Every structure is written in structure tokens, then in C-alpha cells.
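Asks: Here it is, the structure, as C-alpha cells.
2 protein chains.
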Amino acid sequence: MIGVLVPLIYDLYFSAILAGVAEAAYDHDLRLLLSPTQHDHAREASVLERLTRDVTDGALIVLPEESSPELARVMSDAHPIVIVDPLLPLDDRVPSVAVDHRAGADDAMRHLLELGHRRIGAVTGPPGWVATEARRTGYRAALARAGIAFDPVLEVASDFERAAGASAAAMLLSLPEPPTAIFAFNDAIAVGTMRAAHERGVRVPEDLSVIGYDDIAYATMVGPMLTTVRQPLGDLGRTAVNLLLRLLERPSSQPRQIELSTRLVVRDTTAPPRRT
Amino acid sequence: MIGVLVPLIYDLYFSAILAGVAEAAYDHDLRLLLSPTQHDHAREASVLERLTRDVTDGALIVLPEESSPELARVMSDAHPIVIVDPLLPLDDRVPSVAVDHRAGADDAMRHLLELGHRRIGAVTGPPGWVATEARRTGYRAALARAGIAFDPVLEVASDFERAAGASAAAMLLSLPEPPTAIFAFNDAIAVGTMRAAHERGVRVPEDLSVIGYDDIAYATMVGPMLTTVRQPLGDLGRTAVNLLLRLLERPSSQPRQIELSTRLVVRDTTAPPRRT
């Protein structure tokens, strides 16, 4: 039996990871003990505490909130764990499965640059998170490689939610010289960006290209359908289960840190910039 | 420890129910054993088999596929179970939690009728399912009460998925005398209906009112935001846990069948019909 700590269940991002975990668990005849933490530090600590005195053989911890004392204790305990999609940079003694977000950001930017965009805005996630910082590094490196000076007014922080994404995009669209493309650091921000554009009469993709990140189900709900960077969320869950099984079979093996690749999915929200 | 059988995890409908289950489990310090069945009959049977020889004290079975022999056996066993959101009509000896879909359909129809619609189409779910039949009964009864003859060409079956919903809506929109409003039997169908309308240059809500059913997250992703009938999915999960706890505490108590109410949520996709 393995424990699974996950921030939220009613959420397409986490439920995609959880579905991968459940698939692999079914294949290996493992039982899954599920504990959502509701993005709450105190609750995460209490669930971690329960977990280690519990009957699980090991645990997957998805997007742990912070390097809390409880998490540090669990990590140093003999209890086998695998961190999935770490929020903060990890000690390399902890086994983990993550996504190569820098390469994913590279793909997004290459697509926009190849379409001819030069003024590209970014609506990022929360500063400090691995997912934000790696994508930001990819964004800025791609600009530098293309010989485009980084313009700080074009990079606005958000919180990976639609509403904040819409506000951040509204700021970019009201600049004296607005961007012709926006790299939204996740699909929720991209949907917020499209809404902000729609409210201002800015057409997507004719006046503004929008690219997201995740490729979760609502990427294809909106019209036009979202160009985005697909994260292998199901594979993230499946790989985590396999890593944990390996750890249970050979407890003395070296902890592995696996990074999975993303894939660009071009749909209808990106196009060459308008000639002005 | 309680087992939870659920068809899918990567799905906003089921993850909303599961989130309610997880909330209640956390409050009662219960551990959750999760088993997705992937809408697969053989898998559901095997999971049911595992479940009953397993260490769980009882189980919640969400939307069981059919009255399979395994399900019948589990139902007649001493193993305490609660059926959540039954797909088919249940024997009244089985404890269950469901939603009053007929009343929900009544609310949807009352809203459209009050706006002045008389030619109202319906895109239903799969025939035979409780959720379809109860809503269909509500749809037809509301027409009858309003003195509107039921027109069979205005009622088209679908499968609760977006693509089939779009095809069914396209049929309605290409009728010589198309409806001025469509009651989509879930939100996925409503999103498909809006896409079909968009592709034909039919504006929502100016030319066509659309009402959904569920109120899951993507109801507010699309623009315009969807008017819909909200199902209390989290409450469905929470109530199921409480019912199971009651059963565990008093095994000889009468099985209860609880029905929860829906709520109409008026947003931007419904309006009075155009005067022609």
C-alpha cells in the first residue's frame, strides 16, 4: 500500500497526475491511500505525520508546499518517499520526478519566434517556484539567443490561476507598446489572457498570439483552441510509482531524480504577428 | 479505512465528488483506498472482487457501470457499501446518495420558459441512465405544463461528451425550424453546443440560449459563461461518507436513499428569444 499526498483533487492538473498514479498502482496491484492537503501547510504537516505512523509502505508527495520541518523529517526518515513535481528546488538525495520546464519554455518561445514575434510578453507563476523560475529562465534565454533585449515591463507575475492571469494580461495589453504574443506560464493563465483580450476587442490569434503550458482538458474547451506545451502529467504519476517500487525493492539504491520532457502542441491561438 | 470505486479520476465531474469524499474522510480521520475503474466492466468486476477481500471497512461505489453479477453479489454481501450517483435505477434495499435530476431539469426549463422560449431543444445523455431519464421526464413535463406540444425532432440523444453534444446540437440547428433554446443535459454537451453554434454563425445568447447541467469548472472557462444547473457534487461525496459511517456504526439500520437538490446558476448564455 502506498500513500499519495496531493494538494487538491478537484483540479485537472493534479487529477491528471493522480490518474497516472492510479493506473500504475492498478498494474502493480498496489493499493492507494489518498490524502489531499488543500494547499494548506498545517494540513500537509498533519497528513505527513499520519502517513509515517501509518500502514503505508511508501509515499508519493505531489508538489509539497515548502521545506517544512515535517517534510524534512519525512525525507530524512527511513520511510521511502518520492517527490513528484517539486515546488521548490530539492536536495539531490531525495528521489523525485519532475518535468524539464526550461526545455518546455524553450519550445514555446521557439514557436513564437519562428512565427516572427519579437515583442513577447510573459505572464509567470509565483516567483520562487521551480516551475516559474525554470520557465522564466527559458523565456529570457530564448529572447537573448534571438538578440532581443529583455524588457522588464513585458514580464508580469501571476499565481497560476485564471483571474490573476487575466489581470496580468490586461496590464500587458494596456501598455503603450503591447506585446504581439503572450507566453502564459500555464493554461489557466492562458484562458485568463484570452478573456482579457476578448474584453478589449483584441482578437486571438489575429492581433495577439497566446501560448499556454500544461495541456489540460480546458485547453480545448475554449474557442479558439489553445496552443500549449504539453506536460506529461500521467507519465509523471506512473514514473513516480515505478521509482517508489524500485526504492522498496532495493532500499540502498542511489536516489534518482528523473526529468520528463514536454511537447509543443500547436492549435489555433498562435499566428504570425500583424504587419503594421 | 474505506474503499472508493470511481470510473475516472482525470475528470472534473468525478474529481468533484472525490474531493467531497476526501474532505469528509479527513474530518473523520478515515483513510481512503482509491480504485478507478476506467468505465470498464471487467475492471469494475475485478476491483469489486479485490475490494471485498480487502482490508476496507466499507466502500463507496460511484456511478457503478451496470447491475453486474459482481455488483449484485457485493450488494447482497454483508460488506457495507453506499452507491453514489447511480447510473441505473436501484433496488431500495441499497443505501445511496443521488441528485434529484427531475427537479433540476424543472429549474432549467422554468428558466427558459420564463425568458419566453417556446421552441426548446434537448440534447440528452445516454438513454436508460437515471441521469438521462429523470432529466428527460423533467423536460417533457415542463413542456406539457406550459401547454407546448412535445416535438420529437427537438430531442436528440448524446453521450455526455462534448463531441457528440456538438453533433447533436448541429442537427438541431440545421432543422427547418431550429429551436431558440437548447437544454444540454450536461456542461460538456453545452460546450459542444456552443461550439456548434459558433461554427454556424449562430450567436449565444442573442440567437440561441444554451443551458447546461453540472456547473463544473469549465462552465466558466468558455466565453460567454454558461448558465447551468449546479449539482452538489462535493456534497454528494460528503453525504456518501456520512451514510457509510452510519451504516458502520449501526449495521442493522434501515438503508437510506438520499436525494440532494440542484441549484440554477444564471450566467451569460441565456436570454429572451429574438422577436422574428
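These protein sequence lines are chains A and B, in that order. Heads up, the first sequence is in numbering that gives the first Met the number 0, so the first residue is 0 and it goes up one at a time. Heads up, the second sequence is in numbering that gives the first Met the number 0, so the first residue is 0 and it goes up one at a time. We treat Cβ as the ideally placed atom computed from N, Cα and C, and that holds for glycine. Quantities reported herein were computed from a predicted structural model and do not represent experimental measurements.
Which residue spans inside the segment 8-95 of chain B form an unbroken alpha helix (DSSP H) run of at least 4?
Replies: Entirely contained in the segment 8-95 of chain B, the alpha helix (DSSP H) runs reaching 4 residues are, in chain order, 11-26, 40-51 and 68-75.
Asks: Since residue 123 of chain B is in the beta strand (DSSP E), which residue starts that stretch and which ends it?
Replies: Run containing residue 123 of chain B: 119-123, per the beta strand (DSSP E) assignment.
Asks: Taking 9 Å as the cut-off, decide whether the C-beta atoms of residue 262 of chain A and residue 231 of chain A are in contact.
Replies: Yes. Within cutoff.
Asks: Cα-Cα, which of B:136, B:80, B:73 and B:123 is closest to residue 101 of chain B?
Replies: Nearest of B:136, B:80, B:73 and B:123 to residue 101 of chain B, Cα basis: B:136.
Asks: On the DSSP letters alone, give me the boundaries of the alpha helix (DSSP H) that residue 138 of chain A sits inside.
Replies: Here the alpha helix (DSSP H) through residue 138 of chain A covers 129-144.
Asks: Using 8 Å for Cβ pairs, my map puts residue 164 of chain B next to residue 157 of chain B. What's the rounded Cβ distance?
Replies: Indeed they touch by this definition, with Cβ atoms about 5 Å apart.
Asks: Could you tell me which residues DSSP puts in a beta bridge with residue 256 of chain B?
Replies: DSSP, once it has assigned bridges, lists B:95 as partnering residue 256 of chain B.
Asks: Taking any Cβ of chain A, which residues in the segment 212-223 of chain B have a Cβ under 8 Å from it, in chain order?
Replies: Residues 216, 217, 220, 221 and 222.
Asks: Tell me which same chain residues have a C-beta within less than 6 Å of the C-beta of residue 268 of chain B, skipping the five on either side of it?
Replies: Here the set comprises 203, 204, 209, 223, 225 and 226.
Asks: CB residue 211 of chain A to CB residue 196 of chain A, shorter than 9 Å?
Replies: No, they are not a contact pair.
Asks: Could you tell me whether the segment 238-252 of chain A touches the segment 143-159 of chain A, using the rule of 3 or more Cβ pairs below 8 Å?
Replies: At 8 Å Cβ cutoff, the stretches do not touch.
Asks: Give me the subset of the segment 161-183 of chain A whose CB atoms are less than 7 Å from a CB atom of chain B, sorted by chain position.
Replies: Result list empty, no residue passes.
Asks: What do you get for residue 149 of chain B, buried or exposed, if any count of 16 or more other CB atoms within 10 angstroms of its CB means buried?
Replies: Classification of residue 149 of chain B: exposed, given that the 10 Å Cβ count is below 16.
Asks: For residue 234 of chain B, which residues in the same chain have their Cβ closer than 7 Å to its Cβ, ignoring the five residues on either side in sequence?
Replies: Counting only Cβ-Cβ distances below 7 Å, and skipping sequence neighbours, we find 19 and 259.
Asks: Contact between the segment 116-133 of chain B and the segment 84-104 of chain B: three or more CB pairs below 8 Å?
Replies: In short, these stretches touch, since the Cβ pair count reaches three.
Asks: Verify the CB distance criterion: does residue 6 of chain A have a CB-CB separation below 9 Å to chain B?
Replies: No, residue 6 of chain A does not count as interfacial toward chain B.
Asks: Could you work out which residue in A:2, A:145 and A:37 is closest to residue 55 of chain A when comparing CA atoms only?
Replies: Closest by alpha carbon: A:2.
Asks: Spell out the partners DSSP gives residue 208 of chain A in its beta bridges.
Replies: A:180, per the DSSP bridge assignment.
Asks: Residues in its own chain within less than 7 Å of residue 15 of chain A by CB, not counting five upstream and five downstream?
Replies: Cβ neighbours of residue 15 of chain A beyond the five flanking positions: 215, 232 and 233.
Asks: Starting from residue 194 of chain B and walking both ways along the alpha helix (DSSP H), at which residues does that stretch end?
Replies: Counting along the chain, the alpha helix (DSSP H) containing residue 194 of chain B begins and ends at 186-198.
Asks: If I'm right that residue 23 of chain B touches residue 237 of chain B with Cβ under 8 Å, what's the distance once you round it to whole angstroms?
Replies: Their Cβ separation, rounded to whole angstroms, is 4 Å, which keeps residue 23 of chain B and residue 237 of chain B in contact under 8 Å.
Asks: What residues in the segment 29-44 of chain B have a beta carbon less than 7 Å from any beta carbon of chain A?
Replies: Taking 7 Å as the Cβ-Cβ cut-off against chain A, the residues of the segment 29-44 of chain B that qualify are 30, 31, 32, 33 and 35.
Asks: Please report whether the beta-carbon of residue 206 of chain A lies at a distance below 9 Å from any beta-carbon of chain B.
Replies: False, the Cβ-Cβ gap to chain B never drops below 9 Å.
Asks: Is there at least one non-hydrogen atom of the ligand MN closer than 8 Å to the beta-carbon of residue 259 of chain A?
Replies: Among the components modelled here there is no ligand, and therefore nothing to report on the ligand MN.
Asks: Using 8 Å for Cβ pairs, my map puts residue 182 of chain B next to residue 119 of chain B. What's the rounded Cβ distance?
Replies: Contact holds; Cβ gap of about 6 Å.
Asks: For residue 70 of chain B, which residues from the same chain have a beta carbon less than 7 Å from its beta carbon, with the 5 sequence-adjacent residues on both sides left out?
Replies: Here the set comprises 47 and 63.
Asks: Show which residues of chain B have a CB atom less than 9 Å away from the CB atom of residue 197 of chain A.
Replies: Those within 9 Å of residue 197 of chain A in chain B are 222.
Asks: Any beta-carbon of chain B closer than 9 Å to the one on residue 233 of chain A?
Replies: By this cut-off, residue 233 of chain A is an interface position.
Asks: When the Cα atoms are used, what is the spatial distance from residue 8 of chain A to residue 146 of chain B?
Replies: Roughly 45 Å separates the two Cα atoms.
Asks: What residues in the segment 11-25 of chain B have a beta carbon less than 7 Å from any beta carbon of chain A?
Replies: Per Cβ criterion, the list reads 11, 14, 15, 17, 18 and 21.
Asks: Can you tell me where the alpha helix (DSSP H) holding residue 161 of chain A begins and where it ends?
Replies: Taken as a continuous stretch (DSSP letters only), the alpha helix (DSSP H) holding residue 161 of chain A covers 161-172.
Asks: Could one say the Cβ of residue 194 of chain A lies closer than 9 Å to chain B's Cβ atoms, at least one of them?
Replies: Answer yes: the Cβ-Cβ gap between residue 194 of chain A and chain B drops below 9 Å somewhere.
Asks: Candidates B:179, B:96, B:50 and B:170: which alpha carbon is nearest residue 108 of chain B's?
Replies: Of B:179, B:96, B:50 and B:170, the residue nearest in Cα terms is B:179.
Asks: For residue 229 of chain B, which three-state DSSP category applies?
Replies: Three-state DSSP puts residue 229 of chain B in a strand.
Asks: By the 10 Å Cβ neighbour count, where 16 or more other Cβ atoms means buried, how is residue 95 of chain A classified, buried or exposed?
Replies: The residue in question, residue 95 of chain A, is buried, as its Cβ has 16 or more Cβ neighbours within 10 Å.
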